[in-house]
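Colleague:
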Amino acid sequence: MTGEDAEPFGLDEVDLEQVMRDAELPSLLPALAHLLGDLSILDDDLRPTISSAPLGLEPQGGLSEAAQERARRIAVQALRAWVRQGRPMPATPPPDRLRRMMEFITGPVGEEYLPLLHHQLGIFPEDDGPRWHKSAVAPDRPFTVVVIGAGMSGLAAAHRLREAGIDFLAVERHEEVGGVWWENRYPGCRLDTSNFSYSYSFAQQPTWRHQYSTREAVLDYFRRVASELGLRETIRFGTRVVSAVFDEESGRWRLHLRRRDGSAETVEADAVISAVGQLNEPAYPDVPGRDRFRGPAWHTARWNDEVDLAGRRVAVIGTGASAFQVIPEIAGKVAELKVFQRTPPWIMPTPTYRALLKPGLRWLFRHVPHCHRWFRFYQFWVNVEGRRQYCVVDPAWNKEGSVSARNEALRQELISYLSNAYADRPDLLEHAIPDYPPYAKRMLRDDGTWIRTLKRDNVTLVTDPIAEFTEHGVVTENGTLHETDVIIYGTGFRASDFLGNMTVVGRGGVDLHEQWAGDPRAYLGITVPRFPNLFLLYGPNTNLVANGSIVMFSELEVHYVVECIKTLLESPHRTMECRPEALERFYQRIDEASARMAYGISGVRSWYKNSAGRVTQNWPLTTFEFWRLTRRPVLGDYEFR
Ligand code: NAP
323 MTGEDAEPFG
333 LDEVDLEQVM
343 RDAELPSLLP
353 ALAHLLGDLS
363 ILDDDLRPTI
373 SSAPLGLEPQ
383 GGLSEAAQER
393 ARRIAVQALR
403 AWVRQGRPMP
413 ATPPPDRLRR
423 MMEFITGPVG
433 EEYLPLLHHQ
443 LGIFPEDDGP
453 RWHKSAVAPD
463 RPFTVVVIGA
473 GMSGLAAAHR
483 LREAGIDFLA
493 VERHEEVGGV
503 WWENRYPGCR
513 LDTSNFSYSY
523 SFAQQPTWRH
533 QYSTREAVLD
543 YFRRVASELG
553 LRETIRFGTR
563 VVSAVFDEES
573 GRWRLHLRRR
583 DGSAETVEAD
593 AVISAVGQLN
603 EPAYPDVPGR
613 DRFRGPAWHT
623 ARWNDEVDLA
633 GRRVAVIGTG
643 ASAFQVIPEI
653 AGKVAELKVF
663 QRTPPWIMPT
673 PTYRALLKPG
683 LRWLFRHVPH
693 CHRWFRFYQF
703 WVNVEGRRQY
713 CVVDPAWNKE
723 GSVSARNEAL
733 RQELISYLSN
743 AYADRPDLLE
753 HAIPDYPPYA
763 KRMLRDDGTW
773 IRTLKRDNVT
783 LVTDPIAEFT
793 EHGVVTENGT
803 LHETDVIIYG
813 TGFRASDFLG
823 NMTVVGRGGV
833 DLHEQWAGDP
843 RAYLGITVPR
853 FPNLFLLYGP
863 NTNLVANGSI
873 VMFSELEVHY
883 VVECIKTLLE
893 SPHRTMECRP
903 EALERFYQRI
913 DEASARMAYG
923 ISGVRSWYKN
933 SAGRVTQNWP
943 LTTFEFWRLT
953 RRPVLGDYEF
963 R
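Using this note's numbering, you'd call the opening residue of the sequence shown number 323 and step up by one each time.
1. Would you call residue 892 buried or exposed, if buried means 16 or more other Cβ atoms sit within 10 Å of its Cβ?
2. Using 8 angstroms as the threshold, is the C-beta distance between residue 357 and residue 390 below it?
3. Could you check if residue 455 is buried or exposed, using at least 16 other CB atoms within 10 Å of its CB as the buried criterion?
4. From 752, 756 and 696, pick the residue whose C-alpha is nearest to that of residue 723; which is it?
5. How long is the line joining the alpha carbons of residue 297 and residue 767, rounded to whole angstroms?
6. Using a 10 Å radius around the Cβ and a threshold of 16 neighbouring Cβ atoms, would you call residue 373 buried or exposed?
7. So, is residue 446 buried or exposed, given that buried needs 16 or more other C-beta atoms within 10 angstroms?
8. Only counting runs of 4 or more residues, tell me where the alpha helix (DSSP H) segments fall wholly within the stretch 676-754, in order along the chain.
9. Looking at residue 732 and the ligand NAP, is the gap between the Cβ and the nearest heavy atom below 7 angstroms?
10. Going by Cα to Cα distance, which pick from 905, 578 and 874 is closest to residue 838?
11. Any heavy atom of the ligand NAP closer than 7 angstroms to the Cβ of residue 644?
12. Is it buried or exposed for residue 730, if we count other Cβ within 10 angstroms and need 16 for buried?
13. Quick check on DSSP: helix, strand or coil for residue 874?
14. So the beta strand (DSSP E) residue 795 belongs to, where does it begin and stop?
15. Rounded to whole angstroms, what's the CA-CA distance from residue 946 to residue 423? Just pull it up for me.
16. So, is residue 540 buried or exposed, given that buried needs 16 or more other C-beta atoms within 10 angstroms?
17. Tell me whether the beta-carbon of residue 376 lies closer than 8 angstroms to the beta-carbon of residue 732.
18. Alpha carbon to alpha carbon, how far is residue 697 from residue 703? Give it in angstroms, no decimals.
19. Does any heavy atom of the ligand ADP sit closer than 7 angstroms to the C-beta of residue 625?
20. Residues in its own chain within less than 6 angstroms of residue 394 by CB, not counting five upstream and five downstream?
21. Hey, would you say residue 862 sits closer than 8 angstroms to residue 847, going by beta carbons?
22. To test your reading of the DSSP string, which unbroken beta strand (DSSP E) runs of 3 or more residues are found completely within the stretch 809-840?
23. Would residue 941 pass as a contact of residue 438 if the rule is Cβ separation under 8 angstroms?
24. Between residue 598 and the ligand NAP, is the CB less than 7 angstroms from at least one heavy atom?
25. Sorted by chain position, which residues of the same chain lie with C-beta nearer than 7 angstroms to residue 338's C-beta, five sequence neighbours on each side aside?
26. How close, in whole Å, do the beta carbons of residue 886 and residue 850 come, if the pair is a contact with beta carbons under 8 angstroms?
27. I'd like to confirm something about residue 608: is its beta-carbon nearer than 7 angstroms to some heavy atom of the ligand NAP, or not?
28. For residue 578 versus residue 591, is the C-beta distance shorter than 8 angstroms?
29. Could you round the C-beta distance between residue 611 and residue 877 to whole angstroms and report it? I think they count as a contact, below 8 angstroms.
30. Residue 594 lies in the beta strand (DSSP E); which residues open and close that run?
31. How big is the Cα-Cα spacing for residue 554 and residue 450?
32. Below 8 angstroms on the Cβ atoms is my contact criterion, and I expect residue 853 with residue 834 to pass it. Report the Cβ-Cβ distance as a whole number of Å.
33. Does residue 807 pass the burial test, meaning 16 or more other C-beta atoms within 10 Å, or should it be called exposed?
34. Which residue from 366, 380 and 441 puts its Cα closest to that of residue 429?
35. What residue range is occupied by the uninterrupted alpha helix (DSSP H) comprising residue 428?
36. How about residue 860 and residue 599: do their beta carbons lie closer than 8 angstroms?
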């Protein structure tokens, strides 16, 4: 194994020692047990520890050096045995043996967890796809669906609807799939969660080059999924939904579409699935004078490639996830960069954030069947309830700046990282340590690049609040005019304004946004009283902060919606509509649980909350609870007509 892309397969050509050094042993051992059907590989003494220290997991599942060496020897023997056998594809393990392989990672789990584990391992397609087909359930009943959006959730919906044999049309306002990954073209854009978790269980990819992929790689993944699953021909690109109106007489939805060329069309559907996401409509600072600025100005999610930033004076407003990625990319080009920070972010030190996956690991993923699945499974399990414990409020805790002993331990580690990193710049350190608890806002990742960038001679951190924008730049409250040539808004999204760019009218002519009145609520984040057969994906209270995976949640939501459609098709009814009591019961739980999370109690402003301070975005319960609740609709929660 020499070069990054060298792909020798034979074990004689590859440097097995390096492969083993690079391997993630907690997932390699069950992968090899699966490969050979040999459970003796899974020695109890080599079992990984899953408990997470404040700054993350122990490398190699916390195994001692000696245990790691033994695990590597076992793994080499297993690989050689597999090659001697002619590299056969592994047989599907019987359930009890598969359970033992999975439990090597998870430890003993209750029976109820197994379907979720199978789903995430993704070895058996039937474990997560619909187990029914319309042709068997209701062959003669016409039923069509419109899916709005062909981003991460929309593609998952299209795939599953097709598997179930349900007619649908997907409508996408852009010319390509990918949603936010298509829209966000700013330099430096990349995943800050692992791409192994941020990918579908039904389309796992062994060829990721990074753990945290670039925007191009993520977009490329979605494009390939769309092509390989044959979804492109189901999508009408360059078309936006202007309005969706429920017609009570027919029990159907009428959607008004507008194409890029201005032409309009009306389509009807029995059900509508919104897959427009949470982070698609840019938010701008609520500060006077934005229109007065004479130079070019744009939002990170609407990147302007036509302006060359080289040699210009640039102001970036905000230090959230988007600004945090763009600032290091442009700092080296511009003459002067002013970073306007209102609130500092907590930073999780992540040395591998921009690093390529180790070559040995990549070799294993490419050549050893299912190895990447087990790696993903390990990451899934680590995250499933993952760091939630660091986020939960201890009611007895009364120390400022943290919400529990664990949260405080994390806070101290993060402070110590920042204090070391800025030891030579007390002026920056003074503004680097947040006064709110970790996980009250989104945690960001840095491999040192951010810190180095802020220390550059041409970069200035401005923490005086912005008072107004003028023709020439940004004026802060102390009266300083920061003259600039370009303003870039890294000021986030109108996240609480779900489906904000379309009109949605339900039963009795009620307007969705009027009903919500700035406080969006949906049962399981999916259904809304008075909006029959309208299903939301990545809707209210389905975003994740410290546990689970957004892609997995979207898959679970899609599963639920497809089960709802099956329920309808099996019934004599045309529509199902969430009962207000079910929504109320649900929100009692959600709001109580949110109040016990770091992002819920603190007075900190964030996109997790609406303007009234209620957490409208996040799922505060466990991942398993979402899985349980989305298995199938509880009939009593719905009114059928
Ligand atoms: P954001 O997290 O909402 O950050 C907006 C930033 O603008 C904050 O720093 C905010 O300060 C600041 N701001 C707003 N108004 C301001 C004003 N008047 N003066 C000064 N600063 C102001 O938005 P985002 O960075 O676009 O990220 C949104 C979400 O998108 C992320 O949390 C994440 O879920 C997703 N995202 C993901 C990735 C990824 O996976 N790699 C990358 C980018 C975004 P305050 O903190 O004081 O409000």
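Glycine included, every Cβ here is placed at the ideal spot set by N, Cα and C.
Remember, predicted model here, so these are calculated numbers, not experimental data.
Modeller: In this structure, then:
1. Residue 892 comes out exposed.
2. The Cβ atoms of residue 357 and residue 390 do not sit closer than 8 angstroms to each other.
3. It is exposed - the Cβ of residue 455 has fewer than 16 other Cβ atoms within 10 Å.
4. Ranking the options by Cα distance to residue 723, first place goes to 756.
5. An answer regarding residue 297 cannot be provided, because it is not within the stretch 323 to 963 covered by the chain.
6. Around the beta-carbon of residue 373, fewer than 16 other beta-carbon atoms lie within 10 Å, marking it exposed.
7. Of the residues assessed, residue 446 falls on the exposed side of the cut-off, its CB having fewer than 16 other CB atoms within 10 angstroms.
8. Scanning the stretch 676-754 for uninterrupted alpha helix (DSSP H) segments of 4 residues or longer gives 681-689, 693-706, 727-743 and 748-751, listed from N- to C-terminal end.
9. Flag unset: Cβ of residue 732 not near the ligand NAP.
10. Residue nearest to residue 838 within the set 905, 578 and 874 is 905 (criterion: CA-CA distance).
11. If you check the C-beta of residue 644 against the ligand NAP, you find a heavy atom less than 7 angstroms away.
12. Counting of Cβ neighbours within 10 angstroms places residue 730 among the buried residues, the total reaching 16 or more.
13. Looking at residue 874 - three-state DSSP - the assignment turns out to be helix.
14. That run of the beta strand (DSSP E) goes 795-798.
15. Using only the alpha carbons, I get a separation of about 20 angstroms.
16. Buried.
17. Cβ atoms of residue 376 and residue 732: closer than 8 angstroms.
18. Between the C-alpha atoms of residue 703 and residue 697 there is a straight-line separation of about 10 angstroms.
19. The model on display carries the ligand NAP but not the ligand ADP.
20. For residue 394, where only same-chain residues beyond five positions count, the Cβ hits under 6 angstroms are 342.
21. Cβ atoms of residue 862 and residue 847: closer than 8 angstroms.
22. Whole beta strand (DSSP E) segments, 3+ residues: 825-827.
23. No, the pair does not count as a contact, with Cβ atoms beyond the cut-off.
24. For residue 598, the shortest C-beta to heavy atom distance toward the ligand NAP is 7 angstroms or greater.
25. Result list for residue 338: 398, in chain order.
26. Contact flag wrong, Cβ pair sits at about 13 angstroms.
27. Yes, Cβ of residue 608 sits closer than 7 angstroms to a heavy atom of the ligand NAP.
28. Contact flag unset, no.
29. Between residue 877 and residue 611 the Cβ distance is about 45 angstroms, and since that is not below 8 angstroms, they are no contact.
30. Note, residue 594: beta strand (DSSP E), 593-596.
31. If I take the Cα positions, the gap works out to 22 angstroms.
32. Indeed, because the Cβ distance is near 6 angstroms, the residues count as touching under 8 angstroms.
33. By the beta-carbon neighbour count (other beta carbons within 10 angstroms, threshold 16), residue 807 is buried.
34. The shortest C-alpha separation from residue 429 is found at 366.
35. Taken as a continuous stretch (DSSP letters only), the alpha helix (DSSP H) holding residue 428 covers 417-428.
36. Yes, Cβ-Cβ distance for residue 860 and residue 599 is below 8 angstroms.
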